[in-house]
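*Asks:* The structure that follows is given in the form of structure tokens.
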Amino acid sequence: MKKKLLTFILTLALWLVFAGHINFSVFLLGTLVTIICSIISRMFAAEVFRLLLMNYEVKVSFVKIYYIFLVVGAFIYDAFLSAVRVSKHVFEINPSFSPKTVQIKTSLQNLPSIMILSNLIALTPGTLIMDFNILNKNYFIHWIDVRSEDEAALKKALIGKHEKWIAKIFE
Amino acid sequence: MINSISILREIIAYVFLITGTYFLISNAIGMIRFPDFYLRLHASSKCLIAGSISVLMGCIVLEGISYISLKLIIIIIFLLITNPVAIHAIAHFAYNYSIKPQKIVKNDIKQ
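Going down the list, the protein sequences come from chains A and B.
Note that my numbering gives residue 55 to position 30 of the first sequence, counting from 1, and the numbers run on in steps of one.
Note that my numbering gives residue 104 to position 103 of the second sequence, counting from 1, and the numbers run on in steps of one.
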């Protein structure tokens, strides 16, 4: 109940930030919408609160914040780099692709870290997650442009680096 | 001094806006030109997120430190979370619906 109430208050605060002003109708509508949102998110809330309520030492917390910044930075950098590469393909007169589908095994165990890694892979230059096999923890990835095996190994190493950062945060 | 700062701010904002427009146009053209469903998803995921972040960053720089900028930052965070999830959902459905990539060079996945 406490968790649901906190989710409700946080979502209502976000609603009021978006609304920009407070009157009765905005508050009433916001209450209705946030009740629906907190009911929908109750499944995810348990996992998020479990992570928030973990007791870490001060040093470990700072290390985690450092890795969170690294992951967010990698997120935005990868998004722009991959957009530049794809837009280069778009404006080529004869666009040449060599698409490839591969599967990569991950060592991550819990669901939030697997989800964040799949988001990162979706924004890594030229990669797109097609499916995830939860039994043997395999990502099925579609790559837009892989010319040689060396390049494939390089990209796998890049995903492995992201995987290490996420493991430092969540596990 | 104040005038030069505002001019510099406008220049940075317009650079962001033009970059964003370029990415959004390349997104639209890529959706038409690319031959395959998955290649089109590549265009739509990457160019769309970079374009929209650039345009919103331009708006933030134009607006300065204000309440509207806070709203725009929240929208950017939502975009960063929701865009890859939506693209993955579409790709996951397509893969399970047996939509095979038309132009495939190598395939590591055992079918």
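A virtual CB, placed ideally from N, CA and C, is assigned to each residue, including glycine.
Between residue 46 of chain B and chain A, is any beta-carbon pair separated by less than 9 Å?
*Replies:* Chain A contact via Cβ: present.
*Asks:* For the region 52 to 66 of chain B against the region 119 to 126 of chain A, do three or more pairs of beta-carbon atoms, one drawn from each stretch, fall closer than 8 Å, so that the two count as touching?
*Replies:* Cβ pair count under 8 Å is below three, so no.
*Asks:* Can a CB atom of chain A be found closer than 9 Å to the CB of residue 97 of chain B?
*Replies:* Closer than 9 Å: yes.
*Asks:* To the nearest angstrom, report how far apart residue 1 of chain B and residue 45 of chain A are at their CA atoms.
*Replies:* Residue 1 of chain B is absent from the model: chain B starts at 2 and stops at 112.
*Asks:* According to the neighbour-count rule (16 or more other Cβ atoms, all chains shown, within 10 Å of its Cβ), is residue 98 of chain A buried or exposed?
*Replies:* Residue 98 of chain A is exposed by the Cβ-count criterion.
*Asks:* Check the C-beta distance from residue 24 of chain B over to residue 48 of chain B and give it rounded, since I have them as a contact under 8 Å.
*Replies:* The pair is a contact, with the Cβ atoms about 5 Å apart (cut-off 8 Å).
*Asks:* What are the start and end residues of the alpha helix (DSSP H) that includes residue 164 of chain A?
*Replies:* Here residue 164 of chain A belongs to no alpha helix (DSSP H); instead the beta strand (DSSP E) covers 163 to 168.
*Asks:* For the beta strand (DSSP E) that residue 152 of chain A lies in, which residues bound it at each end?
*Replies:* First-last of the beta strand (DSSP E) with residue 152 of chain A: 152 to 158.
*Asks:* List the endpoints of the continuous alpha helix (DSSP H) containing residue 64 of chain B.
*Replies:* Its alpha helix (DSSP H) spans residues 38 to 64.
*Asks:* Within 9 Å of any Cβ in chain B, is that where the Cβ of residue 187 of chain A sits?
*Replies:* With 9 Å as the cut-off, residue 187 of chain A does not count as an interface residue toward chain B.
*Asks:* So for residue 26 of chain A, helix, strand or coil by DSSP?
*Replies:* If DSSP states are grouped into helix, strand and coil, residue 26 of chain A belongs with coil.
*Asks:* With a Cβ-Cβ cutoff of 9 Å, do residue 139 of chain A and residue 157 of chain A count as a contact?
*Replies:* Yes, they are a contact pair.
*Asks:* Could you have a look at residue 46 of chain A and say whether DSSP puts it in helix, strand or coil?
*Replies:* Correct three-state label for residue 46 of chain A: coil.
*Asks:* What in chain B is Cβ-close to residue 38 of chain A, meaning under 7 Å?
*Replies:* Those within 7 Å of residue 38 of chain A in chain B number zero; the least Cβ separation is about 11 Å.
*Asks:* Among A/35, A/149, A/141, which has the Cα closest to the Cα of residue 46 of chain B?
*Replies:* The residue with the shortest Cα to Cα distance from residue 46 of chain B is A/149.
*Asks:* Taking 9 Å as the threshold (beta carbon to beta carbon), is residue 98 of chain A in contact with chain B?
*Replies:* Cβ-Cβ to chain B under 9 Å: no for residue 98 of chain A.
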